[in-house]
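Undergrad: First, the structure itself, so that you have it in front of you.
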Amino acid sequence: MAAELTPAPARPRPRPRLLVGGFHPRTLVEWLLLTSLVIALAVLQGKSDSTLRVDRAVYDLGIVAQQHAPRDDILIVSIDDESLAAVGRWPWRRAVLAEIVDRIAAGDARVIGLDVLLVDSDSRHPEDDRALGASIRRAGNVVLPALAEPVGDGYRLRYPLRGFDADAGHINISVDNDGIARHVYLREGTAGEMIDHFAVRLVDFGRASRPLQAFRQDDVTEVGPKGWLRRYRLSIPFVGPPGSFTTVSAVDVLTGKVGPDTFRGKTVLVGAGATGMGDNFSAPLASHGTGLSGVELLANATQALMDDTGIVAMPRAGFWLMTVMPVVLGCLAALLLSPRGGLLFNIALCAALLFGSVLLMHYARVWFSPIPAVLACLVFYPLWSWRRQESALAFLSAEVARLEAEPTLPGGAPMHGDASGTLDTRMSALYRMITRLRNLRRFLSDGLESLPDATLICDPEGRLLVANAGAHALAPRALASQSIPGGGEVALESVMAEVFSRPQQALDYWERLCAAARRGDGDELAGQRVGVELQAADQRAILLRGAPLHGDGGQLAGFSVSFVDITQVRIAERQREETLRFISHDMRSPQASILALVELQRDPQRALAPDMLLERIRHHAGRTLALADDFIQLARAETQHLRFVETDLATVLMDAADSLWSLAHARHVTVRLDIAAEEMVVQAEGNLLGRAVGNLIDNAIKYSPDGSTVTVRAGRTLWGGVPDAGLMIAVSDEGAGIAPEEQARLFQPFSRLQGEGRPVREGSGLGLMFVRTVVERHGGRVRVHSAPGSGATFTIELPA
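Encoded structure:
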């Protein structure tokens, strides 16, 4: 007994998920919670110093990336190792400093910054203080450093000696807790006394003093140790590694090797550069153990103030915007994109934040710390991936459990297993269900392919999804692209256009079916499922039927469309009608005539002579037998299995002509054979083909006038576009001819030509029907060429 699919037991359908913008509400809630968490983390990191070490690493990277050329109007006079060797160990006598000031001043320098503390008098050489003071007064453009000295619980400012009569500024260098100098404060001091930085005094010397805000500095007051106040932080954009500024040795200045013209119009800084003088600092561009001397650091700060290129922190509003917005974008990408897309986007976002921070330092001289935003993005993605994985596994477990509860294929064992637990357990359960679905798909695919009718499966819009082999054979051109991977979509309309001679009728049926399915009209659907009979392009009768297909939730998922070839059914119906007509009319008529003669003979007054009665009974009985014989021959030609063998066409024609010699002789009609000399062999059923040719010769003799000629010709002809690929048999008579309107019904059953001037001949009207049936079953065709008054030629063409 054939196995049948067991219908699924009735069970409540799962409630449809409520989606918001294509997402489950729970997904959105989890995303909002995680996003809020990482934004709070970014804000917390931005307000604390927990990422300070990483921030400084990025800052130093930006300093390295923004190196630029030093100004040529800044010159350093370095008290280097060579100078110490020539003059003597430090500290030098102030008379030597006086000579250096004089030589620089002689070159008309714009300003001289003497980075040497001169807050105490020289008790051993008081004359040197007087000499240095005189030199400073003569120069008139010297700036000296002031000292912040700790006293008790605070600090006090100590200025250069009164006798030096010079401008002064503090030279404090702020060092971060990693020991690297990155910035200075342009104003420092106590609550009652503040002093500008040494570099500020150098830049403003001889000019109208600018407010410190003009240097784009952060005006934030910071309280240092013991209440020391610091304002206007300047992050220094170092021009390059140590030695970047033009530097001359102090001994070369003293000996005159460096002439006065070297200092003309320049800002000259004099300071220690020798090894071991304790005036070296670690800086972002200092490497390989080489520090940056204090005087070089002052030169960098001076250039930053001159060019107004000091690096300032981004305003807080901009900082929070630049921190929060990338975090939100990264979270949105993880929500909207695929896992790979979200990961790549977050990686690109982190790289953009780091690279953007460096670019801001280089082009806008603005420092933005990207680390809080980067850390938030890096934290969000794994947390979100974990939650999505958990949700996906929970969903798969629930779906696997639901699918395992459904019936299996006929004869298949039910599948049970734990769909929860570890990842491997869930993967095993999923593999079982995938295997089951593959088996079901193969089962359904084989079932669809084995259907005897051409069948298509399409979506609600009429786009083709599946077609079986019968459909491909029915519409090979329209379905050719479906068998090619990536061949594109196939519309049902293209299939209809290829199959039917009037495709609009098929499309009208399709539209009615779709409308009924969308309305859910059961009565209308029942009527449409019966289908509609249409004529194919090759004249076959096709029953077009369709039915809606629904998904698990009851929604319309598509349609199945079948093309049922009912040509043989219609042929059988026509044959049945012809048989009934044959029995009810043609066969009944002579029998009724015989009965009428019998009744007539009972009346002595109307009785016929015995010879005449027997002759008429013989005539009607003979006609009945002839009709029955013709009908049986036609039925056999239509239904019997033909055994084709190699047959000599000339032999068939001669046998047919010989069988009708007596009839032709009685009518004084000559049958002339015109057969080509070459061998003509055809695959045929010799008896049937001979009888068909005999029917044509018989008709030609019957409808030809006495003494005329019937010509039977045979030879090679064109077939399938190839010359001499076919065989031709032509039977011509010299009769009255056939009008064009009568030629159309010549090969119809029980059709006989009757007309004025045409002799009445006995016959069943099945002869030409028999000829056409035999010829078509041999793969050939039969034609007639005739005109009234010029005879008729019947031509049979067969493949050789």
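Start counting the sequence shown at 1; every next residue gets the next number (UniProt numbering).
Using N, Cα and C, we set each Cβ at its ideal position, and we do this for glycine too.
Since this is a predicted model, take the numbers as computed values, not measurements.
Taking just the CA atoms, how far does V101 sit from N75?
TA: In the sequence under discussion, the amino acid at residue 75 is Leu, which differs from the Asn named in the question. Computed Cα separation, rounded: 14 angstroms.
Undergrad: I need the boundaries of the alpha helix (DSSP H) containing V200, first residue and last residue.
TA: Note, V200: alpha helix (DSSP H), 198-204.
Undergrad: Does the stretch 250-257 come close enough to the stretch 57-71 to have 3 or more Cβ pairs within less than 8 angstroms?
TA: Short answer: they don't touch.
Undergrad: Specify the secondary structure class of W367 as computed by DSSP and reduced to three states.
TA: W367: strand per DSSP, three-state reduction.
Undergrad: Report yes if the CB atom of Y159 is closer than 8 angstroms to the CB atom of R230, and no otherwise.
TA: Against a cut-off of 8 angstroms, the Cβ pair of R230 and Y159 comes out as no contact.
Undergrad: Name the DSSP beta bridge partners of Q45, please?
TA: DSSP lists no partner for Q45.
Undergrad: Under the rule that 16 or more other beta-carbon atoms within 10 Å means buried, what is T262, buried or exposed?
TA: Buried is the call here.
Undergrad: Would A166 pass as a contact of L144 if the rule is Cβ separation under 8 angstroms?
TA: Cβ distance < 8 angstroms, so A166 and L144 count as in contact.
Undergrad: Who are the Cβ neighbours of R93 in its own chain at under 7 angstroms, not counting the five residues just before and after it?
TA: Correct list, in chain order: H125, D128.
Undergrad: Between R26, V784, R783, which lies nearest to A392 when the distance is taken from Cα to Cα?
TA: Checked all of R26, V784, R783; the closest Cα to A392 is R26.
Undergrad: Thinking S576 and V564 are a contact (beta carbons under 8 angstroms), I'd like their distance in whole angstroms, please.
TA: One point to set straight first is that residue 576 is Arg, not Ser, in the sequence displayed. At roughly 20 angstroms, the Cβ-Cβ gap does not stay under 8 angstroms, so R576 and V564 are not in contact.
Undergrad: Residues bridged to N280 by DSSP?
TA: DSSP output for N280 lists S293 as bridge partner(s).
Undergrad: Just the Cα atoms here: how many angstroms apart are D120 and L157?
TA: Between D120 and L157, the C-alpha separation is close to 13 angstroms.
Undergrad: Is D115 buried or exposed, if buried means 16 or more other CB atoms sit within 10 Å of its CB?
TA: By the neighbour-count rule (16 or more Cβ atoms within 10 Å), D115 is buried.
Undergrad: From E222 to W31, what does the alpha carbon distance come to, in whole angstroms?
TA: Going from the Cα of E222 to the Cα of W31 covers about 40 angstroms.
Undergrad: Consult DSSP for W719 and reduce its assignment to one of helix, strand or coil.
TA: Strand, per DSSP.
Undergrad: Taking all protein chains shown into account, decide if residue 855 is buried (16 or more other Cβ within 10 angstroms of its Cβ) or exposed.
TA: Given a span of 1 to 800 for the chain in the structure shown, any question on residue 855 remains unanswerable.
Undergrad: Secondary structure at H619, three-state DSSP: helix, strand or coil?
TA: Reduced to three states, the DSSP call for H619 is helix.
Undergrad: Check this for me: beta carbons of R716 and D674, under 8 angstroms apart or not?
TA: No, the Cβ-Cβ distance between R716 and D674 is not below 8 angstroms.
Undergrad: By DSSP's criteria, Y155 is part of a beta bridge. Which residues make up the other side?
TA: DSSP lists P150 as partners of Y155.
Undergrad: List in chain order: all unbroken alpha helix (DSSP H) runs of 4+ residues lying wholly within the stretch 325-361.
TA: 339-359, all fully within the stretch 325-361.
Undergrad: Going residue by residue through the stretch 41-90, where are the continuous alpha helix (DSSP H) segments of at least 4 residues, counting only ones entirely within it?
TA: Complete alpha helix (DSSP H) runs here, min 4: 52-65, 81-87.
Undergrad: Would you identify the three-state DSSP class for D698, choosing helix, strand or coil?
TA: Of the three classes helix, strand and coil, the one that applies to D698 here is helix, per DSSP.
Undergrad: How about V645 and V693: are their beta carbons less than 8 angstroms apart?
TA: It is not a contact, given that the beta carbons lie outside the stated cut-off.
Undergrad: When DSSP labels each residue in this structure, what does S593 get in the three-state scheme?
TA: Helix.
Undergrad: Relative to the C-alpha of G259, which residue among G107, I173, H24, R56 is closest?
TA: For the residues G107, I173, H24, R56, the minimum Cα distance to G259 belongs to G107.
Undergrad: In chain order, what residues of the same chain lie with their CB nearer than 7 angstroms to the CB of residue 803, ignoring the 5 residues before and after it?
TA: Because the chain in this structure spans residues 1 to 800, residue 803 falls outside the shown range and cannot be described.
Undergrad: Fully enclosed by the stretch 489-516, which alpha helix (DSSP H) runs are 4 residues long or longer?
TA: For the stretch 489-516, whole alpha helix (DSSP H) runs of length 4 or above, ordered along the chain, are 492-499.
Undergrad: Name the residue from I697, L437, H785, I195 whose alpha carbon lies nearest to the alpha carbon of P740.
TA: It is H785.
Undergrad: Just to confirm my understanding: we take V358, look at its own chain, exclude 5 residues before and 5 after, and list those with CB closer than 7 angstroms. What are they?
TA: Counting only Cβ-Cβ distances below 7 angstroms, and skipping sequence neighbours, we find L61, G62, A65.
Undergrad: Per DSSP, what kind of secondary structure is E599 in: helix, strand or coil?
TA: Reduced to three states, the DSSP call for E599 is helix.
Undergrad: Determine the DSSP secondary structure at Q535, reduced to helix, strand or coil.
TA: Strand, per DSSP.
Undergrad: Since L718 contacts V774 with CB under 8 angstroms, what's their CB separation in whole angstroms?
TA: Not quite, the Cβ-Cβ distance comes to about 22 angstroms (not below 8 angstroms), so this is no contact.
Undergrad: So, with DSSP's three-state summary, where would you put Q555?
TA: Looking at Q555 - three-state DSSP - the assignment turns out to be coil, as it is neither helix nor strand.
Undergrad: In whole angstroms, what separates the C-alpha of F395 from that of R388?
TA: Taking the straight line joining both Cα atoms gives about 10 angstroms.
Undergrad: Going by DSSP, what residue range makes up the alpha helix (DSSP H) through G520?
TA: Looking at the DSSP string, G520 is not in any alpha helix (DSSP H), and its letter there is neither H nor E.
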